[in-house]
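Asks:
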Amino acid sequence: MSERDTICALASGQPPAAICIIRLSGDRVWKLAGELLECGLPEPRRATLTKFRDEDGNLIDEGLALFMPGPHSYTGEDTLELYLHGGPYVIKYSLETLTQQPGVRLAEPGEFTRRAFEAGKLDLTEAEGVADIIEAETEAQKAQALRQLTGGLTEIYDRWRAELTGVLALIEVMVDFPDEGDTPDDTVRPILEKLDRLIAELEDALGDRGVGEKIRDGFRIAIVGPPNAGKSSLLNRIARREAAIVTDIAGTTRDIVEVRLVLGGQVVWLADTAGLRETADVVEAEGVRRAERAALEADLRIHVIDAADPEPPKGPVESQDIIVFNKADLRSPLLAPDGALTISAATGEGIDTLERWISSFVSQRAASVEAPVITRARHREKLSAGLASLVTARQLLEEGVGAELAAEDVRMAIRQLGAIVGSVGVEDVLGAVFSQFCIGK
Ligand SMILES: Nc1nc2c(ncn2[C@@H]2O[C@H](COP(=O)(O)OP(=O)(O)O)[C@@H](O)[C@H]2O)c(=O)[nH]1
Ligand SMILES: [Mg+2]
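Quick note on this note's numbering: the sequence shown kicks off at 40 and runs consecutively.
(1) Beta carbon of threonine 291: closer than 7 Å to some heavy atom of ligand 2?
(2) Residue range of the beta strand (DSSP E) that aspartate 100 falls in?
(3) Taking the C-alpha atoms as reference points, what is the distance between alanine 184 and aspartate 171?
(4) From the DSSP secondary-structure annotation, give me the bridge partner or partners of arginine 62.
(5) Under a Cβ-count criterion, where at least 16 other Cβ atoms within 10 Å of its own Cβ denotes burial, should isoleucine 288 be classed as buried or exposed?
(6) Tell me which same chain residues have a C-beta within less than 6 Å of the C-beta of alanine 86, skipping the five on either side of it?
(7) Could you give the distance in angstroms between the alpha-carbon of cysteine 47 and the alpha-carbon of leucine 134?
(8) Within 8 Å, do at least three Cβ pairs link the region 241-255 to the region 174-188?
(9) For serine 271, does the count of other Cβ atoms within 10 angstroms reach 16, so buried, or fall short, so exposed?
(10) How many whole angstroms separate the CB atoms of isoleucine 390 and alanine 367, which I take to be in contact at a CB cut-off of 8 Å?
(11) Identify the residues that DSSP records as bridge partners of leucine 380: which are they?
(12) Assuming alanine 166 and phenylalanine 156 are in contact, meaning their beta carbons sit under 8 Å apart, how far apart are those beta carbons, in whole angstroms?
(13) Taking all protein chains shown into account, do 16 or more other C-beta atoms lie within 10 angstroms of the C-beta of serine 358, making it buried, or fewer, making it exposed?
(14) Does DSSP put threonine 312 in a helix, a strand or coil?
(15) Any contact between the region 221-239 and the region 426-436? By contact I mean 3 or more CB pairs, one from each, below 8 Å.
(16) Quick one: residues in its chain with C-beta nearer than 7 Å to the C-beta of threonine 226, no 5 flanking neighbours on either side, listed in chain order?
(17) In the DSSP assignment, what residue or residues form a beta bridge with glycine 125?
(18) Would you report the Cα separation of alanine 268 and aspartate 360, rounded to the nearest angstrom?
(19) Just confirm the distance between the C-beta atoms of alanine 72 and proline 110, as a whole number of angstroms; I'd bet it's less than 8 Å.
(20) Among the residues of its own chain, which have a CB less than 8 Å from the CB of glutamate 42, if the five just before and after it don't count?
(21) Under the rule that 16 or more other beta-carbon atoms within 10 Å means buried, what is glycine 314, buried or exposed?
(22) Which of helix, strand or coil does DSSP assign to lysine 92?
(23) Which runs of the alpha helix (DSSP H) at least 4 residues long sit entirely within the region 280-305? Give them in chain order.
(24) On the premise that serine 407 lies in contact with valine 250, defined as a C-beta separation below 8 Å, what is that separation, rounded to the nearest angstrom?
(25) Can you tell me where the beta strand (DSSP E) with alanine 261 in it begins and where it stops?
(26) Proline 229 by DSSP, collapsed to three states: which one?
(27) Apart from the five residues on each side of it in sequence, which residues of its chain come closer than 6 Å, Cβ to Cβ, to isoleucine 362?
(28) For a test of the three-state rule: what should DSSP assign to aspartate 345, helix, strand or coil?
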């Protein structure tokens, strides 16, 4: 194995904590253990109680050491984990001692997992699953990450790539032996059928309304309506803090104010927006433009109507949207239309029900796709490109204009899918993928 830096990092959370884990990976692990651990190199895979000293023999701490020799380790290299007392000074002293040794440095974000990827221990979607499970805050995020890190997506992409390789072989036979007795139809039809099936599968994966990405990144909900209807008050009420400025001056909210919540078991970004109205103020006008875009891009809109001064919602209202009549405390009883909700952001009336409606929307939307194939924009981009190549290949074959060109498009599609799992064209994405990790993973 080539000589490269041995890396070390704190793998556990922010100190102080009962215990911290300092992780090392690389060729120098055995040497470091020999010099700094009283027990020397611990027996593989056996937690060993030992004293940990600096190079001058000063005691740093006492704890457990766990040695996992490569290649059967996370990174594929020799790795050592030290379980020490999780105090800030123990951690600082330990890392300083380790990084003073020749050939040892602090790991970059995601570098342990990057080494695992480079050693072929996991593919890129599995590595992303590792990053996601560390970030997961909800059961849905955790389940999705776990599925991905245990190869759930790898399996799908491997199958697609294998089938496409089969299709490519058939097309190449056509290129090499044109019209060998058979009518072109006999040769082309089975290829077209296979392509049709794959195209349908890719379309199906892409037609998921972004559920996988939303489970991971959060669903978007926009509070919209005219100025002074109580949008900012409603956001603050649901967020249970004064996130947005509330005044009785119309046009107070100019930029989007977003709060992150967990509702219905899903991460939700609730956005307060500028009141929709004609305005000569350039800043407010920009706010209105942003409000309109946020409303358009949201998965769900809450249209706030001022019960004391009702006017119909501006902009499109979709079937899933929620209409609320606010300020019920001022004017009650209300003649709210069917399906609308009466609330008061001031007193809290009706807010429970509103939260239940939002929860039920996001949980149903999240459950609408059983096992999303796409969990990141990166996947969507490559998969769309792959699909486009397949559609072109199909067209070329059907029109009988060029099996060679069709073969090139199928090759292109295989490369696009390969880039998702990281088997080809990875150089440009690796940095982006691994830099999102935390240090120590
Ligand atoms: N009485 C009453 N006043 C409210 C209610 N919600 C908001 N307001 C008041 O209406 C004004 C505008 O509220 P704000 O949240 O800034 O509205 P926005 O412009 O839609 O964001 C403020 O004076 C609020 O105190 C409510 O439910 N009842
Ligand atoms: Mg406001």
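Note that CB positions come from ideal geometry on N, CA and C, so glycine has one too.
Replies: Quick answer:
(1) Flag set: Cβ of threonine 291 near ligand 2.
(2) 98-107
(3) 5 Å
(4) Ala48, Glu120
(5) exposed
(6) If you ignore the 5 residues before and after alanine 86, its C-beta comes within less than 6 Å of the C-beta of Leu103, Leu105, all in its own chain and listed in chain order.
(7) 7 Å
(8) yes
(9) Buried is the call here.
(10) Not a contact, Cβ separation roughly 11 Å.
(11) Val363
(12) 5 Å
(13) exposed
(14) coil
(15) yes
(16) Met213
(17) DSSP output for glycine 125 lists Ala56 as bridge partner(s).
(18) 17 Å
(19) About 18 Å separates the two Cβ atoms, so there is no contact after all.
(20) Contacts found: Asp66, Gly142.
(21) By the 10 Å Cβ count, glycine 314 comes out buried.
(22) The question names lysine, but residue 92 in the sequence shown is arginine. Arginine 92: strand per DSSP, three-state reduction.
(23) none
(24) Approximately 6 Å separates the beta-carbon atoms of valine 250 and serine 407; this is inside 8 Å, confirming the contact.
(25) Boundaries of the beta strand (DSSP E) around alanine 261: 258-263.
(26) helix
(27) His342, Ala379
(28) Secondary structure at aspartate 345: strand, using DSSP grouped into helix, strand and coil.
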